[in-house]
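If you're matching positions, the sequence shown starts at 1 in the UniProt record's numbering and goes up one per residue.
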Amino acid sequence: MASMKNETRFVDWANIEGDVLRCIADMTDAAWDLIRMAAVCRSWQASLANKRIKFPICLMLTEGYYSNKHCFYSISEAIFDVLYLPEIQGRRCWGSPFGWLVTYALDFETRLFNPFSRTRIPLPSLSTIDEEEDYSPGDLFYSLRKLILCTSPEESDCIVLANTWDGCFFAKPSDEAWTLIGLSDHSYLDDAIYFKGNFYGCLRTGEIVLCEATHPKVVEFAPPPPDLRYFYPNIIIKYLFDLGGNLCIACRRVDTYYVTLGFAIFKLDMDTKSWEKIYSLDDRSLFLGKYCSTFAIAAADYPGCKPNCIYFSDDRPLLGPTTHLDAGIYDCQNLKLEKLRERNSDFRVRMKPFPKSKDGRNLLLSSFSHLWIIPFPYHH
Numbered sequence: 001m002a003s004m005k006n007e008t009r010f011v012d013w014a015n016i017e018g019d020v021l022r023c024i025a026d027m028t029d030a031a032w033d034l035i036r037m038a039a040v041c042r043s044w045q046a047s048l049a050n051k052r053i054k055f056p057i058c059l060m061l062t063e064g065y066y067s068n069k070h071c072f073y074s075i076s077e078a079i080f081d082v083l084y085l086p087e088i089q090g091r092r093c094w095g096s097p098f099g100w101l102v103t104y105a106l107d108f109e110t111r112l113f114n115p116f117s118r119t120r121i122p123l124p125s126l127s128t129i130d131e132e133e134d135y136s137p138g139d140l141f142y143s144l145r146k147l148i149l150c151t152s153p154e155e156s157d158c159i160v161l162a163n164t165w166d167g168c169f170f171a172k173p174s175d176e177a178w179t180l181i182g183l184s185d186h187s188y189l190d191d192a193i194y195f196k197g198n199f200y201g202c203l204r205t206g207e208i209v210l211c212e213a214t215h216p217k218v219v220e221f222a223p224p225p226p227d228l229r230y231f232y233p234n235i236i237i238k239y240l241f242d243l244g245g246n247l248c249i250a251c252r253r254v255d256t257y258y259v260t261l262g263f264a265i266f267k268l269d270m271d272t273k274s275w276e277k278i279y280s281l282d283d284r285s286l287f288l289g290k291y292c293s294t295f296a297i298a299a300a301d302y303p304g305c306k307p308n309c310i311y312f313s314d315d316r317p318l319l320g321p322t323t324h325l326d327a328g329i330y331d332c333q334n335l336k337l338e339k340l341r342e343r344n345s346d347f348r349v350r351m352k353p354f355p356k357s358k359d360g361r362n363l364l365l366s367s368f369s370h371l372w373i374i375p376f377p378y379h380h
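Quick look at the structure:
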């Protein structure tokens, strides 16, 4: 009898017929299944190009800086999905509506990372931001307030903003160093946005400043919304966003423990530099927080997403694990808050307005950071 040799056979899944792949895809409407299929390789993504995937908006939770366990809560499907991402272990992360995270590590290395395709795009080292200041990696780790992905990496003008306590900088993936956007001494930005070809920043006073991308010099653009401190005497955190082509500011009122009390929204007239308080987002939903870009979307494009609501995540100083998670939904119509995590009289955790989940609940209890992201498995 001829001897049988054990042979290991490898299947080249990239060469599966497109018709077969599309037939398989037609058998599921689960967004996560389709996202993972499209993230396998370029050929699979091309085969599924005509498959309309309703990408869910996700709240990403991280167990700790040195954990690679990340939980994604899908608003559309009301499920938690756990991904293990060693590529961002020990890194600070900020979310975006483009499917990418902007990440920073203690070695000054900054990069874009797609958690669904595992694609990485390097950015200039943050050691280049100020030659006069002798930053240690640890100093910058805590000085860095927000990394904002302004445009998609699919675009040729992909830009990232780095907002620190000592200044604001921007860079493209192809740059060798970060470019300083000059601010006056003792001034820092609450938030910034790339809007209609220019950078706009919101100072802690509420004043809006303009910086043309071609000439990075800051000029005063608009005063703060009227009587902001008089009407809202609590701590105010401000977020800039684009609402149907209008530059708007969302003012988040928090108490001394940085627990959210409510929101107010103002729209800026770019010609007269005057503000109008608005009471509705109409068919839009707004997503904001310390660890993500601020963005508004059409709620109808994302099943399960509530129109005229603000989805907020925690915005406390970086001091360690969150003991009382300050995240949830604010309804602009009835002015009501629904917190993601609350404690009832017998100290058991309630997770509303999101459904209960063992994985999600356990992760929420120990989460260091959480952010909003719209999954998109783009291959660079």
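The C-beta atom is built at its ideal place from N, Cα and C for all residues, glycine as well. Just so you know, these numbers come straight off a predicted model, no measurement behind them.
query, result
"Contact defined as beta carbons within less than 8 Å: I believe ILE208 pairs with LEU281. What is the distance between those atoms, to the nearest angstrom?", "No, ILE208 and LEU281 are not in contact; Cβ-Cβ is about 20 Å, not under 8 Å."
"Using the C-alpha atoms, what's the distance from TYR73 back to LYS339?", "15 Å"
"How would you label SER156, buried or exposed, when you count the other beta carbons within 10 angstroms and need 16 or more for buried?", "exposed"
"When DSSP labels each residue in this structure, what does TRP372 get in the three-state scheme?", "strand"
"When you compare each of ARG91, ILE237, TYR188, ARG252 to ASP107 by their alpha carbons, which one comes out closest?", "ARG91"
"Which residue's Cα is closest to the Cα of ARG253: VAL160, ILE237, ASP242, PHE241?", "ILE237"
"Since CYS58 and ILE373 are thought to touch, with beta carbons under 8 Å apart, how far apart are those beta carbons, to the nearest angstrom?", "5 Å"
"Answer yes or no: do ARG204 and TYR194 have a C-beta to C-beta separation smaller than 8 Å?", "no"
"Within 10 angstroms of the Cβ of SER3, are there 16 or more other Cβ atoms? Answer buried if so, exposed if not.", "For SER3, the predicted structure reports a pLDDT of 49, less than 50, and the residue's modelled location is therefore unreliable. A value from the coordinates is still provided. SER3 is exposed by the Cβ-count criterion."
"ALA327 by DSSP, collapsed to three states: which one?", "coil"
"Which residues in the same chain as THR179 place their Cβ atom closer than 8 Å to its Cβ, once the five residues preceding and following it in sequence are excluded?", "PHE169, PHE170, ALA171, PRO216"
"Go to TYR73, then tell me how far its beta strand (DSSP E) extends in each direction, as first and last residue.", "69-74"
"Using the rule of at least 16 other Cβ atoms within 10 Å of the residue's Cβ for burial, across every protein chain shown, is PRO224 buried or exposed?", "buried"
"Taking just the CA atoms, how far does SER117 sit from ASP301?", "23 Å"
"Compute the Euclidean distance between the alpha carbons of GLY244 and VAL102, then round it to the nearest angstrom.", "25 Å"
"For the candidate residues LEU140, LEU147, GLU154, whose alpha-carbon lies nearest to that of ASP166?", "LEU140"
"Around the C-beta of LEU112, are 16 or more other C-beta atoms found within 10 angstroms, so that it is buried, or is it exposed?", "buried"
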